[in-house]
Amino acid sequence: MRPYRDDEADLLGLLLRDRRVFFWSEAPVTERDVENVLNRSLALRPKGLGWFAAFSEDRDRFVGDAVLQPLAGTGEIEIGYHLVPDAWGKGYATEAAEALLDYGFQALRLPRVVAVALPENRRSLRVLERLGLPYIEDRIHADHLHRYHALTRAEYLAAREAIVQRDAAEQSES
Numbered sequence: 029m030r031p032y033r034d035d036e037a038d039l040l041g042l043l044l045r046d047r048r049v050f051f052w053s054e055a056p057v058t059e060r061d062v063e064n065v066l067n068r069s070l071a072l073r074p075k076g077l078g079w080f081a082a083f084s085e086d087r088d089r090f091v092g093d094a095v096l097q098p099l100a101g102t103g104e105i106e107i108g109y110h111l112v113p114d115a116w117g118k119g120y121a122t123e124a125a126e127a128l129l130d131y132g133f134q135a136l137r138l139p140r141v142v143a144v145a146l147p148e149n150r151r152s153l154r155v156l157e158r159l160g161l162p163y164i165e166d167r168i169h170a171d172h173l174h175r176y177h178a179l180t181r182a183e184y185l186a187a188r189e190a191i192v193q194r195d196a197a198e199q200s201e202s
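If you read the sequence shown in the working numbering, its first letter stands for residue 29, the second for the next number, and so on.
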């Protein structure tokens, strides 16, 4: 996974135009819309934020992206992910989001990360569950009701420490 490059509007456009991925968006996505999203992502790069292109393990296939960006109207940093449909159900969203959580909390030292998902997007809600982002409440975001989840840096660090201790205990037993 890496930040989108300024010449990769075509990859980003694959996702933004796919109604199976962005099923809640009613307006057609134009070239200008894609360029605007790409430019916003590039503008966030100096802060370590933005949209990150994700590829298959052998790096030969674009599978989607993951996002670490300000959540509109809140001042909070959100994590998100979008996958091409043939990459659904293969663990890419969890892997990409987990990498961005690690990066956000460890490298950027963010105090809190949030995520929003539509109630009908069960796959996304399962990813948030696997990542340990607790449900906080339902909120209106982008004119739609979303499930709002949040994780603090302290919660993240405690969960990571518990995993390290569990793994160490399992090692000593074997």
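Quick reminder that beta carbons are idealized off the backbone N, C-alpha and C, glycines included. The structure presented is a predicted model; accordingly, all values stated were derived computationally and were not measured.
Cβ contact annotation for L179 (same chain, cutoff 6 Å, sequence separation greater than five): V141, L161, in chain order. The C-alpha of E85 is placed about 19 Å away from the C-alpha of L43. When DSSP states are grouped into helix, strand and coil, V142 belongs to the strand group.
Contact between G78 and P31 holds: their C-beta atoms lie close to 5 Å from each other, under 8 Å. Sorting D130, P139, D171, L156 by C-alpha distance to the C-alpha of E189 places D130 at the top. DSSP, read as helix, strand or coil, puts R45 in coil. Every beta strand (DSSP E) stretch that sits fully inside the region 88-142 and reaches 3 residues is listed by chain position as 90-98, 105-111.
In the three-state scheme derived from DSSP, where H, G and I count as helix and E and B as strand, E148 is classed as coil. Excluding residues up to 5 positions away in sequence, S152, L153, L156, H174, R175 lie with their Cβ nearer than 7 Å to the Cβ of A145 in the same chain. For the set L128, G41, R137, the Cα lying nearest the Cα of V62 is the one of G41. Cβ atoms of G108 and A94 come within 8 Å of each other, at about 7 Å.
Bounds of any beta strand (DSSP E) do not take in E85, whose DSSP letter is neither H nor E.
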